[in-house]
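S.K.:
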Amino acid sequence: MGSLYQESPPLLLQDLKVTIKESTLIFPSEETSEKKSMFLSNVDQILNFDVQTVHFFRPNKDFPPEIVSEKLRKALVKAMDAYEFLAGRLRVDPSSGRLDVDCNGAGAGFVTAASEYTLEELGDLVYPNPAFAQLVTSQLQSLPKDDQPLFAFQMTSFKCGGFAMGISTNHTTFDGLSFKTFLENLASLLSEKPLSTPPCNDRTLLKARTPPSVTFPHHELVKFQDCETTTVFEATSQHLDFKIFKLSSDQINKLKERASETSSGYVRVSGFNVVTALVWRCKALSVTSEKEEEEANLERESTILYAVDIRGRLNPELPPSYTGNAVLTAYAKAKCKALLEEPFGRIVEIVGEGAKRITDEYARSAIDWGELYKGFPHGEVLVSSWWKLGFAEVEYPWGKPKYSCPVVYHRKDIVLLFPDIDGDSKGVYVLAALPSKEMTKFQHWFEDTLC
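Mapped onto the UniProt record's numbering, the consecutive letters of the sequence shown carry residue numbers 1 to 451.
1) Please name the residue, chosen from F216, K388 and F39, that lies closest to G88 on a Cα-to-Cα basis.
2) Over the uninterrupted alpha helix (DSSP H) stretch that includes G399, give me the two end residues.
3) Straight-line CA distance for L183 to G162?
4) Give the range of the beta strand (DSSP E) segment to which D102 is assigned.
5) Buried or exposed, going by whether 16 or more other CB atoms sit within 10 Å of the CB of L11?
6) Considering S249, what are the terminal residues of the alpha helix (DSSP H) in which it resides?
7) So for Y266, helix, strand or coil by DSSP?
8) Note down, in chain order, each residue of its chain lying with its Cβ closer than 6 Å to the Cβ of V274, except the 5 sequence neighbours on either side.
9) Considering only their Cβ atoms, is the gap separating V383 from V415 smaller than 8 Å?
10) Could you tell me the distance, in whole angstroms, from the CA atom of P199 to the CA atom of E295?
11) Touch check for the segment 329 to 336 and the segment 235 to 254: three-plus C-beta pairs under 8 Å?
12) Can you grab the Cα-Cα spacing for the pair T19 / S436, in whole Å?
13) Which of the three DSSP states, helix, strand or coil, is assigned to K388?
14) Could you check where the alpha helix (DSSP H) with V274 kicks off and where it finishes?
15) In the DSSP assignment, find the unbroken alpha helix (DSSP H) run with D309 in it and report its ends.
16) For A334, which residues does DSSP report across the bridge?
17) Would you tell me roughly how many angstroms separate the C-alpha atoms of L206 and D44, rounded to the nearest one?
18) Alpha carbon to alpha carbon, how far is Y429 from F272? Give it in angstroms, no decimals.
19) Would you please state the rounded distance, in angstroms, between the beta carbons of Y396 and L190? I believe it to be under 8 Å.
20) Thinking T449 and L278 are a contact (beta carbons under 8 Å), I'd like their distance in whole angstroms, please.
21) May I have the straight-line CA-CA distance separating E438 from V287, to the nearest angstrom?
22) Can you pull the DSSP bridge partners for S23?
23) Terminal residues of the continuous beta strand (DSSP E) containing L417?
24) Which residues in the same chain have their Cβ closer than 7 Å to the Cβ of Y373, if we skip the five residues on either side of it in sequence?
25) Could you tell me the alpha carbon to alpha carbon distance between L434 and V126, rounded to whole angstroms?
26) In the DSSP output, which residue or residues are listed as bridge partners for S168?
27) Determine the closest residue to D102 out of V111, L221 and Y83, with distance taken between C-alpha atoms.
28) In whole angstroms, what separates the C-alpha of M1 from that of T303?
29) With residue 480 as the anchor, note down where its beta strand (DSSP E) starts and where it stops.
30) Check whether the segment 63 to 81 touches the segment 355 to 366, counting contact only when three or more Cβ pairs, one atom from each stretch, lie closer than 8 Å.
31) Straight-line CA distance for T156 to S178?
32) Helix, strand or coil for A432? Go by DSSP, reduced to three states.
33) To the nearest angstrom, how far is it from the Cα of R311 to the Cα of H55?
34) Using three-state DSSP, classify F216 as helix, strand or coil.
35) Can you name, in chain order, every residue of its own chain whose Cβ lies under 6 Å from the Cβ of P65, other than the five neighbours on each side?
36) Below 8 Å on the Cβ atoms is my contact criterion, and I expect P94 with C160 to pass it. Report the Cβ-Cβ distance as a whole number of Å.
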């Protein structure tokens, strides 16, 4: 049976007692000689918000925090020679109305800080603590609002000698895979080696066709004017219960075996597909709590969204080193009645069909849709997976992170998948935030599906 990671949330530190010691700008070592801008694709355009990640490291007597801080500063300066857009600024091109990056060498943020706590005193790193935001800087107080960097790095030392790297990036700069490549390149520079994977910064590789041609229906996308919100999934003022469900590699394998028994073999029964199918079933069936509402809910159509890397799906393929957002939103939709009654293997198939439909032509059609209509992904629930990005597998001179995670802000319609911290490399944590009654039902269906 699936288990709640913790029956009740731990007592979380509300204040990490972080003191900023220095806040400055760093610049590429090679001065920008010519003015230029970097084109942003239609996928990049809708991702103008910050993503904050924290990477925790145990103490290492050979690398005290003050030494690490200086090494990081020097390595980041070198990194910006290859990733020159990180020292630029977002702007709106007045002639096209599109966002692009002005590669003006205005600098990236670099902050050093210290916490009065030890790393152990922070408690459970898996349980998302809003106070982890104190370990990241996204706004430099010394700069005006319209001149904030796209990239800011905060190095926070703990009393024990451990430390955290807090990184804030505007999502237009990287997707998850290209950010992992950036971290690997940073680790190489820290070891005084060349870049492990020189980046490809040419975002025109995902430019819309001329003329744009939408050749598929795109149920996963909604036009700005047809939606009340202006972001992909907005925060809610509702009180939300927050719970973490843990799935071990053995439990995931059993779900895969069960799905294979009733699967046609049309799509691969992967770990991601079975976990996403489980989340979808639980979320769709948890929406209502009254019996008469439940009966009506069964006729409701539910849509789940998740990101798919398109680097290898295009013709010609994108280089693996492509730095931009090379992900599109896959969708699966079905009536809640089907999610209740169909064999689990069929639900897994419906999920897998979402990724399977993203061919080169489908991807180009979605990019062209963005050129014509302007909009963003829209569905009932989004599964945001940090599970296999591998941030904690990056080997720095002082070792791998104890844990790497995003700074989490609870969203009712976003379910997060995180890697296991306990050494079970194929296990996963499912993080959900729902109104109390819905959470009770979500947990019921979670256990029901596993049984």
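The beta carbon of each residue, even a glycine, is placed where N, CA and C say it ideally should be.
M.R.: Per the coordinate set shown:
1) F39
2) Taken as a continuous stretch (DSSP letters only), G399 belongs to no alpha helix (DSSP H), as it is neither H nor E.
3) 19 Å
4) L99 to D102
5) exposed
6) S249 to E261
7) coil
8) L255, K256, A259 and V348
9) yes
10) 53 Å
11) no
12) 36 Å
13) coil
14) G271 to L285
15) Per DSSP, D309 belongs to no alpha helix (DSSP H); it is in the beta strand (DSSP E), E301 to D309.
16) S302
17) 10 Å
18) 12 Å
19) 6 Å
20) 5 Å
21) 6 Å
22) V111
23) I414 to P419
24) K223
25) 19 Å
26) Q52 and A152
27) Y83
28) In this prediction, M1 has a pLDDT of 48, which is less than 50 and means its spatial position is unreliable; what the coordinates show is noted afterwards. Approximately 26 Å between the Cα atoms of the pair.
29) Absent from the model: residue 480. The displayed extent of the chain is 1 to 451, so no value can be given.
30) no
31) 24 Å
32) strand
33) 26 Å
34) coil
35) S157 and F163
36) With 8 Å as the limit, P94 and C160 do not qualify as a contact, their Cβ atoms being about 52 Å apart.
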